[in-house]
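Structure first, commentary second.
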Amino acid sequence: MKEHLAVYDGLPALSLGSTHLVEMRRAGELYVDKTGQIQRLLDESARQVFVARPRRFGKSLMLSTIECMYQGHMPEVQTLGGGPIPDSQLPTVADRELFVGTSLEGKQPSRERRPVIRLDLSNVLEPDSTAVRRALVYEVLDQAGVWRRRGLDPGIPLEYLRVPGGCPDSPGKLLRWMIGALKDRFGKEPVVLVDEFDAPLTMFGRQSPIPPELLNILRGFFSFLKSGRQSLHKVVLTGVTRNA
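Just so we're aligned: the sequence shown equals residues 2 to 245 in my numbering.
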């Protein structure tokens with residue numbers, strides 16, 4: 002259940018747990034505007050951006066804001082198999098509603114619309130390389146499922162989405178397929194957002210050596226984000242360490 006902090010004098014409710022801009026704006030919750038700073042960050046020429054901040058510092062909400070700045074609110078319009086979604090689904094939140102009262106009010110879309118792939122590695126905390134590989138596969142397939150439910154082909158076979166445990170391909174290969182499919186569909190290079198990219202490593206303390214097999218899996222997964230400049234517009238990673 003979502004928690005709110007009681008606010009008086011007619012001020013909006015202050016959410017204690019929401020990390021999604023669309024949910025906050027739809028609920029009329031208080032939003033501390035950082036869109037101006039985020040805009041300047043995205044206007045930098047660098048293709049890869051790394052933001053290191055402590056936990057509970059607002060990194061996930063920042064990525065949600067970036068997602069909305071690039072593609073607005075894209076609701077899910079069908080089931081995974083292509084069937085209709087019941088009419089009870091919440092309506093799309095327009096750009097003017099997402100950014101009202103912020104420095105971007107009246108300026109959206111302030112940049113070209115681009116598809117966004119958003120990955121969250123905060124739950125990839127497995128103790129061995131095989132489990133980490135499986136968790137990464139599930140994370141990529143979960144994002145592919147989001148795009149399919151939006152009515153777009155993510156470039157990944159439907160049977161993989163229905164039975165993730167039976168997927169034989171690497172998480173890096175799946176990510177490349179999805180990037181290529183979205184680029185072809187939109188005619189523009191996608192944006193990739195990775196929250197807590199270093200979570201698989203933080204469970205190993207300074208005195209605990211990181212297994213070479215785990216490092217190889219992570220290198221393979223992130224290598225395309227570093228080298229695929231022709232296929233990506235921008236990559237934004239967040240983490241709690243300063244090692245990128």
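For glycine and all other residues, C-beta sits at the position ideal for the given N, C-alpha and C.
1. What are the uninterrupted segments assigned as beta strand (DSSP E) that are 3 or more residues long and contained completely in the region 89-158, given in chain order?
2. To the nearest angstrom, how far is it from the Cα of Pro-251 to the Cα of Asp-199?
3. Whole angstroms are fine: how far does the CA of Met-75 sit from the CA of Gly-59?
4. How many Å lie between Val-167 and Leu-159 at the Cα?
5. If we count the other Cβ atoms within 10 Å of its Cβ and call it buried at 16 or more, is Leu-31 buried or exposed?
6. Sort out for me which residues DSSP pairs Lys-235 with in a bridge.
7. In whole angstroms, what separates the C-alpha of Arg-26 from that of Glu-98?
8. Which residue marks the beginning of the beta strand (DSSP E) containing Ala-53, and which one marks its end?
9. Taking the alpha carbon of Glu-140 as the reference point, which residue from Pro-212, Ile-118, Leu-64 and Arg-150 has its own alpha carbon closest?
10. Output the boundary residues of the alpha helix (DSSP H) element that contains Lys-35.
11. Flag this pair as touching only if the region 167-187 and the region 137-154 have three or more C-beta atom pairs under 8 Å; answer yes or no.
12. Using a threshold of 8 Å, state whether the C-beta atoms of Val-50 and Leu-42 are closer than that.
13. Can you give me the C-alpha to C-alpha distance between Met-204 and Gly-107, rounded to a whole angstrom?
14. Run through DSSP, which three-state label would Leu-81 get?
15. What residues in its chain sit with their C-beta under 6 Å from that of Leu-176, if we drop five residues either side in the sequence?
16. Going straight from the alpha carbon of Val-241 to that of Leu-202, what length do you get?
17. Cα separation between Glu-214 and Gly-181?
18. If you draw a straight line from the C-alpha of Lys-35 to the C-alpha of Gly-73, how long is it?
19. With H, G and I counted as helix, E and B as strand and the rest as coil, what does DSSP make of Leu-257?
20. Find the nearest neighbour of Arg-57 within the set Val-33, Gly-29, Ala-28 and Thr-20, judged by alpha-carbon distance.
21. Using CA coordinates, which residue listed in Gly-152, Glu-190, Phe-222 and Leu-126 is at the minimum distance from Pro-85?
22. Who pairs with Gly-240 in a beta bridge, going by DSSP?
Looking at the atomic coordinates:
1. 117-121
2. Shown here, the chain extends from 2 to 245; a query on residue 251 therefore has no answer.
3. Reading the sequence shown from its first residue, position 58 is the one you call residue 59. Reading the sequence shown from its first residue, position 74 is the one you call residue 75. If I take the Cα positions, the gap works out to 22 Å.
4. Residue numbering aside, residue 167 sits at position 166 when the sequence shown is read from its first letter. Residue numbering aside, residue 159 sits at position 158 when the sequence shown is read from its first letter. Note that residue 167 corresponds to Gly in the displayed sequence, not to Val. Each residue's Cα considered, the two are about 12 Å apart.
5. Translated into positions along the sequence shown, residue 31 becomes position 30. Exposed, by the Cβ-count rule.
6. The count along the sequence shown starts at 1 and reaches residue 235 at position 234. Per DSSP, Val-192.
7. On the sequence shown, residue 26 is found 25 positions in, with the first residue counted as 1. On the sequence shown, residue 98 is found 97 positions in, with the first residue counted as 1. Approximately 7 Å between the Cα atoms of the pair.
8. By 1-based counting over the sequence shown, the position of residue 53 is 52. Here the beta strand (DSSP E) through Ala-53 covers 49-53.
9. The residue labelled residue 140 in the question sits at position 139 within the sequence shown. Ranking the options by Cα distance to Glu-140, first place goes to Ile-118.
10. Here residue 35 refers to the residue found at position 34 when the sequence shown is read from its first residue. Looking at the DSSP string, Lys-35 is not in any alpha helix (DSSP H), and its letter there is neither H nor E.
11. yes
12. Residue mapping note: residue 50 aligns to position 49 of the sequence shown, counting from 1. Residue mapping note: residue 42 aligns to position 41 of the sequence shown, counting from 1. In this structure, Leu-42 lies closer than 8 Å to Val-50 by Cβ.
13. By one-based count along the sequence shown, residue 204 stands at place 203. By one-based count along the sequence shown, residue 107 stands at place 106. Computed Cα separation, rounded: 44 Å.
14. Here residue 81 corresponds to residue number 80 of the sequence shown, with the count starting at 1. Leu-81 falls in the coil class under three-state DSSP.
15. Numbered from 1 along the sequence shown, position 175 holds the residue referred to as residue 176. Closer than 6 Å at the Cβ level, and outside the excluded window around Leu-176, lie Val-141.
16. Taking the first residue of the sequence shown as position 1, residue 241 is located at position 240. Taking the first residue of the sequence shown as position 1, residue 202 is located at position 201. The straight-line gap from Cα to Cα measures roughly 11 Å.
17. Counting from one through the sequence shown, the residue named residue 214 turns up at place 213. Counting from one through the sequence shown, the residue named residue 181 turns up at place 180. If you take the alpha carbons of Glu-214 and Gly-181, they lie about 27 Å apart.
18. Reading the sequence shown from its first residue, position 34 is the one you call residue 35. Reading the sequence shown from its first residue, position 72 is the one you call residue 73. So the alpha carbons of these two residues sit roughly 17 Å apart.
19. Past the edges of the chain, shown from 2 to 245, lies residue 257, and the structure says nothing about it.
20. Here residue 57 is taken as the residue at index 56 of the sequence shown, counted from 1. The residue with the shortest Cα to Cα distance from Arg-57 is Thr-20.
21. Translated into positions along the sequence shown, residue 85 becomes position 84. For Pro-85, the nearest C-alpha among the options comes from Gly-152.
22. Walking along the sequence shown from the start, residue 240 turns up at place 239. DSSP output for Gly-240 lists Ala-53 as bridge partner(s).
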